[in-house]
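The structure under discussion appears below in the form of structure tokens.
Residue numbers (this note's numbering): 1 to 152.
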């Protein structure tokens with residue numbers, strides 16, 4: 001009789017934790033709040049009374065403020081991470097930069113090169129960026145969070 005090793009099933013428990021409804025709700029709440037912060041800051045920075053920033057610069061400045069808000073919200077609320085800012089903040093900046101690049105490149109390629117309606121890259125951006133962000137935040141940026149941060 002040949003002794004065969006037991007077949008191991010893939011560990012899906014980590015993915016169950018990743019997509020826990022409570023964490024998804026927290027993620028969506030922080031994302032929505034960051035969007036509101038962006039809209040308010042962009043409007044304020046570009047308002048006729050301020051006169052300091054062009055609309056494009058106002059949008060970039062507002063995006064930076066919203067990114068800081070988003071980082072802090074996800075660190076302390078969504079993922080409740082006890083990790084170091086020196087480790088997590090640069091990774092978050094890379095993710096934010098990648099999201100910004102995708103939001104620029106999708107319309108450039110899909111509308112400019114393939115002639116698709118502008119709604120297609122907007123919809124893809126609205127779906128892909130949050131989905132990728134959630135997984136990357138969970139697995140790469142805030143992966144060292146404390147056990148207290150795990151949702152059941």
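Glycine residues also receive a C-beta, built at the ideal position from the N, C-alpha and C atoms. None of the values given here were measured: they were computed from a predicted structure.
Just so you know, the alpha carbons of residue 119 and residue 125 end up roughly 10 Å apart.
With 16 or more other Cβ atoms from the protein chains shown falling within 10 Å of its own Cβ, residue 95 counts as buried. Boundaries of the alpha helix (DSSP H) harbouring residue 94: 85-107, taken from the DSSP string.
With distances taken between CA atoms, residue 121 lies nearest to 101 out of 133, 134 and 101. Under the three-state reduction of DSSP output, residue 62 falls in the helix class. Linking residue 24 to residue 55 through their CA atoms gives a straight-line distance of about 33 Å. Secondary structure at residue 30: helix, using DSSP grouped into helix, strand and coil.
In this structure, residue 75 places its C-beta atom within 8 Å of the C-beta atom of residue 142.
Take residue 140, set aside five residues on each side of it, and the residues of its chain with a beta-carbon closer than 7 Å to its own are 91, in chain order. For residue 119, the enclosing alpha helix (DSSP H) covers residues 119-136.
Taken through DSSP and simplified to helix, strand or coil, residue 77 comes out as helix.
Less than 8 Å separates the beta-carbon of residue 45 from that of residue 61.
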